[in-house]
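Residue numbers (the working numbering): 237 to 392.
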């Protein structure tokens, strides 16, 4: 599968989140060319402010692979990781993360984002994690409009 196909899978997970009344962010983790975890933000469902899509996907991948060391894995997420999610991705030893919408896009949609770019934060911290803007950015940004139109949840 290609970068576009994996990001497309993350977008479909985000659309499921919107329908479920959750935040419009989806993430997939890929290992050896196969998706090993797919998750969306479940903050409202679980009343857990740390239940961002990336963290839920990391937990799922670690359980599926029976390890906390996710070297060799790549994450695709529809929105740029916040500092918490970037830290979790670094500690899991995922090789690379590709994101669609930016932190600025999330902030413009009403989310309470820390305005620290994931790539800059990884570099500042000396992380080997590769952070890249990924494919399908317009489709990822559009998730915020779909979420707002659904009216099933609010930002936090």
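From the three backbone atoms N, C-alpha and C, an ideal C-beta is built for every residue, glycine too.
Next item on the list: Please classify residue 288: does DSSP put it in a helix, a strand, or coil?
Entry: Within the chain shown, residue 288 is the residue found at index 52, counting from 1. Coil.
Checklist line | Residue range of the unbroken beta strand (DSSP E) whose run includes residue 263 | finding: Position 27 of the chain shown, counted from the start, is the residue given in the question as residue 263. Looking at the DSSP string, the run of the beta strand (DSSP E) that includes residue 263 is 262-267.
Notebook entry, point to check: Run through DSSP, which three-state label would residue 242 get?
Noted result: Counting from 1 along the chain shown, the entry for residue 242 is found at position 6. The answer is helix: DSSP assigns residue 242 an H, G or I state.
Margin query: Strictly under 8 Å for the Cβ-Cβ distance: is residue 329 near chain B by that measure?
Written below: In the structure shown, chain B cannot be found, because there is only a single protein chain.
Item checked: Segment contact, 8 Å Cβ cut-off, at least three pairs: the segment 336-349 with the segment 272-281 -> Between the segment 336-349 and the segment 272-281, the count of C-beta pairs closer than 8 Å stays below three; the two stretches do not touch.
Item checked: Sequence-distant residues of the same chain with beta carbon closer than 7 Å to residue 260, five excluded per side -> Position 24 of the chain shown, counted from the start, is the residue given in the question as residue 260. Setting aside the 5 residues that flank it on each side, residue 260 is surrounded in the same chain by 250, 253, 254, 379, 380, 382 and 383, each with a C-beta closer than 7 Å to its C-beta; the list follows chain order.
Checklist line | Helix, strand or coil at residue 314 according to DSSP, with G and I counted as helix | finding: For the purposes of this step, residue 314 is taken as the residue at position 78 of the chain shown. Strand at residue 314.
Notebook entry, point to check: Does the distance from the C-beta atom of residue 291 to that of residue 267 stay below 8 Å?
Noted result: Locating residue 291 in the chain shown gives position 55, where the first residue counts as 1. Locating residue 267 in the chain shown gives position 31, where the first residue counts as 1. Between residue 291 and residue 267, the CB-CB gap reaches or exceeds 8 Å.
Check: Does DSSP classify residue 376 as helix, strand or coil?
Finding: Here the question's residue 376 lines up with position 140 in the chain shown. Looking at residue 376 - three-state DSSP - the assignment turns out to be helix.
Notebook entry, point to check: Does the Cβ-Cβ distance between residue 336 and residue 351 come in under 8 Å?
Noted result: Position 100 of the chain shown, counting from 1, holds the residue named residue 336. Position 115 of the chain shown, counting from 1, holds the residue named residue 351. For residue 336 and residue 351, no; Cβs fall outside 8 Å.
Next item on the list: Determine the extent of the beta strand (DSSP E) in which residue 330 is found, giving its start and end residues.
Entry: Here residue 330 is taken as the residue at index 94 of the chain shown, counted from 1. No beta strand (DSSP E) holds residue 330; DSSP gives it neither H nor E.
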